[in-house]
Amino acid sequence: MYNKCMLCPRECKVNRVNGQIGFCGASDKMEVGRASLHHWEEPSISGTNGSGTVFFAHCTLGCVYCQNRDISRQKSSAVFVDENRLAGIFLELQQKNAHNINLITATHYAPSICKAIDIAKVNGLYIPVLLNCGGYEKVETIKSFNKKIDIYLPDFKYYSTYYGEKYSKAPDYMETAEQAIYEMVKQTGKPVFDDNNILQKGTVIRHLMLPNMSQDTKQVLRKIAENWGDNVLVSLMRQYTPFDMQYFPELNRKITDDEYKEAIEYFQMLGLSGYIQESEAATESFIPAFNGEGVK
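Printed below as a string of structure tokens:
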């Protein structure tokens, strides 16, 4: 699947095996920037022990405000791993009592990751596996994860075609994310929790609020409510942290309390269930160091 890559909606058709590079910047060799327990996800995901996060390098989106830009751009300092090493990382995180394995920005490595999950399960992986993605995914690629992924954590970034193009080079973002999330919800069904309120199965849709885009946020929330209602949880995030935004001055500030309060009221009016964030989330301290921890 790497020698004529069509894993993401951009369908670059490049031969990644022979060193050709498409939009995402990835070769056929997986790159991981960090693997560690992470305590800053939603409460039912991080729990008390932490989520076993594995941060993959490169990305099929081009978000101008990306907080993981140290590894998401085409040049990355991440570590190369094969399927066996990745399976080993999963088992090491499980041994550290992680509540789940949290694959972050991973779909451009889908074939390799599916193999790694199979290897890890044969060797004793039993905790839920979570796919944490930008929402801009091909339905066919999401189908390849069926019965391998227990929890989906997609973004739903934009409703507007204009914003999708301007900030992520994806004018078809809304329609594409919508269809991908339909497939995710079809696979997982309604959220299922264990006795400690840790999520075991289900789909959690994240929406990161951006400055001056309150109406777009409302459109996204309304779309989620209309499409999936109580079949999903929704995480309304205010952690946007601006840096290097000189070319996008409208994004060069944090979300205000009033903007977030208005969004919460709309969230509640729609009858959505899920999570909201405290203002302390909007800080660069929530961005981990991609130094190869837990990978080498």
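In my numbering, the protein residues as written are 25 to 320.
Think of the CB as a built atom: it goes at the ideal place given N, C-alpha and C, for glycine as much as any other residue.
task = May I have the straight-line CA-CA distance separating tyrosine 264 from cysteine 29, to the nearest angstrom?
result = Your numbering for residue 264 matches position 240 in the sequence shown. Your numbering for residue 29 matches position 5 in the sequence shown. Roughly 32 Å separates the two Cα atoms.
inquiry  = I believe alanine 111 touches alanine 140 by the beta-carbon criterion, under 8 Å. Please report the beta-carbon distance rounded to the nearest angstrom.
reply    = Translated into positions along the sequence shown, residue 111 becomes position 87. Translated into positions along the sequence shown, residue 140 becomes position 116. At roughly 5 Å, the Cβ-Cβ gap stays under 8 Å, so alanine 111 and alanine 140 are in contact.
query = glutamine 292: buried (16+ other C-beta within 10 angstroms of its C-beta) or exposed?
reply = Stepping through the sequence shown from its first residue, residue 292 is reached at position 268. Under this definition glutamine 292 is an exposed residue.
task = Report yes if the C-beta distance between arginine 58 and phenylalanine 267 is below 9 Å; otherwise report no.
result = Numbered from 1 along the sequence shown, position 34 holds the residue referred to as residue 58. Numbered from 1 along the sequence shown, position 243 holds the residue referred to as residue 267. Not closer than 9 Å, so no.
query = Considering only residues of the same chain and omitting the five flanking positions on each side of glutamate 274, which have a CB-CB separation below 8 Å?
reply = What you label residue 274 is simply residue 250 of the sequence shown in a count that begins at 1. If we look at glutamate 274 and ignore the five residues flanking it on each side, its Cβ neighbours are Pro235, Asn236.
Distance, valine 38 Cα to glutamate 308 Cα = For this step, residue 308 is matched to residue 284 along the sequence shown. For this step, residue 38 is matched to residue 14 along the sequence shown. With a pLDDT of only 49 at glutamate 308, under the threshold of 50, the placement of this residue in the model should not be trusted, and no figure is reported.
message = Which same chain residues end up closer than 8 Å to methionine 261 when comparing Cβ atoms and leaving out the 5 residues on each side of it in sequence?
response = By 1-based counting over the sequence shown, the position of residue 261 is 237. Excluding sequence neighbours, methionine 261 sits near Arg230, His231, Leu232, Met233, Gln301, Ala305.
ask   = What's the gap between the Cα of threonine 241 and the Cα of aspartate 174?
value = Stepping through the sequence shown from its first residue, residue 241 is reached at position 217. Stepping through the sequence shown from its first residue, residue 174 is reached at position 150. Roughly 27 Å between the two C-alpha positions.
Neighbourhood of arginine 34 by C-beta distance below 6 Å, restricted to the same chain and skipping five residues each side = Working through the sequence shown from its first residue, we reach residue 34 at position 10. Excluding sequence neighbours, arginine 34 sits near Phe47.
request  = Would you mind sorting histidine 132 into buried or exposed? The rule is 16 or more other CB atoms within 10 Å of its CB.
outcome  = Position 108 of the sequence shown, counted from the first residue, corresponds to residue 132. Per the 10 Å Cβ criterion, buried.
message = Taking the beta carbon of glutamate 55 as the centre, do at least 16 other beta carbons fall within 10 Å, making it buried, or is it exposed?
response = Reading the sequence shown from its first residue, position 31 is the one you call residue 55. Buried.
Alpha-carbon to alpha-carbon, tryptophan 252 and valine 209 = Position 185 of the sequence shown, counted from the first residue, corresponds to residue 209. Position 228 of the sequence shown, counted from the first residue, corresponds to residue 252. Distance between the alpha carbons of valine 209 and tryptophan 252 is about 8 Å.
task = Indicate the three-state DSSP secondary structure (helix, strand or coil) for threonine 227 in the structure shown.
result = Locating residue 227 in the sequence shown gives position 203, counting from the first residue. If DSSP states are grouped into helix, strand and coil, threonine 227 belongs with the strands.
ask   = Just to confirm, are asparagine 124 and serine 168 a CB contact at a threshold of 9 Å?
value = Numbered from its first residue, the sequence shown carries residue 124 at position 100. Numbered from its first residue, the sequence shown carries residue 168 at position 144. It is not a contact, given that the beta carbons lie outside the stated cut-off.
message = Can you tell me whether isoleucine 300 is helix, strand or coil according to DSSP?
response = Reading the sequence shown from its first residue, position 276 is the one you call residue 300. Strand at isoleucine 300.
query = What's the call for valine 319, buried or exposed, on a 16-neighbour Cβ count within 10 Å?
reply = For this step, residue 319 is matched to residue 295 along the sequence shown. By the neighbour-count rule (16 or more Cβ atoms within 10 Å), valine 319 is buried.
task = Identify every residue that forms a DSSP beta bridge with serine 75.
result = The residue you call residue 75 lines up with position 51 of the sequence shown. In DSSP, serine 75 forms a bridge with His62.
Presumed contact (8 Å Cβ cut-off) between tyrosine 160 and threonine 212, rounded CB distance = Here residue 160 refers to the residue found at position 136 of the sequence shown. Here residue 212 refers to the residue found at position 188 of the sequence shown. Not quite, the Cβ-Cβ distance comes to about 19 Å (not below 8 Å), so this is no contact.
ask   = DSSP beta-bridge partners for asparagine 126?
value = In the sequence shown, residue 126 corresponds to position 102, counting from 1. Looking at the DSSP assignment, asparagine 126 forms a beta bridge with Thr77, Leu154.
ask   = Cα-Cα, which of Gly71, Gly43, Asp52 is closest to asparagine 220?
value = The residue given as residue 220 occupies position 196 in the sequence shown. Among Gly71, Gly43, Asp52, the Cα nearest to that of asparagine 220 belongs to Gly71.
inquiry  = Is it buried or exposed, valine 216, if we count other Cβ atoms within 10 angstroms and call 16 or more buried?
reply    = Locating residue 216 in the sequence shown gives position 192, where the first residue counts as 1. Per the 10 Å Cβ criterion, exposed.
ask   = What is the DSSP secondary structure of valine 319, reduced to helix, strand or coil?
value = The residue you call residue 319 lines up with position 295 of the sequence shown. Reduced to three states, the DSSP call for valine 319 is coil.
key: Close beta carbons around glutamate 199, own chain, < 8 Å, minus the five adjacent residues each side   = Counting from 1 along the sequence shown, the entry for residue 199 is found at position 175. Excluding sequence neighbours, glutamate 199 sits near nothing in its chain.
Alpha helix (DSSP H) segment containing phenylalanine 104, residue limits = Within the sequence shown, numbered from 1, the residue matching residue 104 stands at position 80. No alpha helix (DSSP H) contains phenylalanine 104, which is instead part of the beta strand (DSSP E) from 103 to 105.
inquiry  = Tell me the rounded alpha-carbon separation between glutamate 283 and lysine 145.
reply    = Numbered from 1 along the sequence shown, position 259 holds the residue referred to as residue 283. Numbered from 1 along the sequence shown, position 121 holds the residue referred to as residue 145. Straight-line Cα distance between these residues: approximately 44 Å.
inquiry  = Since serine 238 and glutamate 289 should fall inside the 8 Å C-beta cutoff, what is the C-beta to C-beta distance between them, to a whole number of angstroms?
reply    = One-based indexing of the sequence shown puts residue 238 at position 214. One-based indexing of the sequence shown puts residue 289 at position 265. With 8 Å as the limit, serine 238 and glutamate 289 do not qualify as a contact, their Cβ atoms being about 11 Å apart.
request  = Within the same chain, show all residues whose beta-carbon is closer than 6 Å to that of alanine 102, passing over the 5 residues directly before and after it, in chain order.
outcome  = Within the sequence shown, residue 102 is the residue found at index 78, counting from 1. Closer than 6 Å at the Cβ level, and outside the excluded window around alanine 102, lie Glu55, Val56, Gly57, Ala81, Ile95.
query = With DSSP run on the structure shown, which of helix, strand or coil describes glycine 57?
reply = Translated into the one-based positions of the sequence shown, residue 57 becomes position 33. Three-state result, glycine 57: strand.
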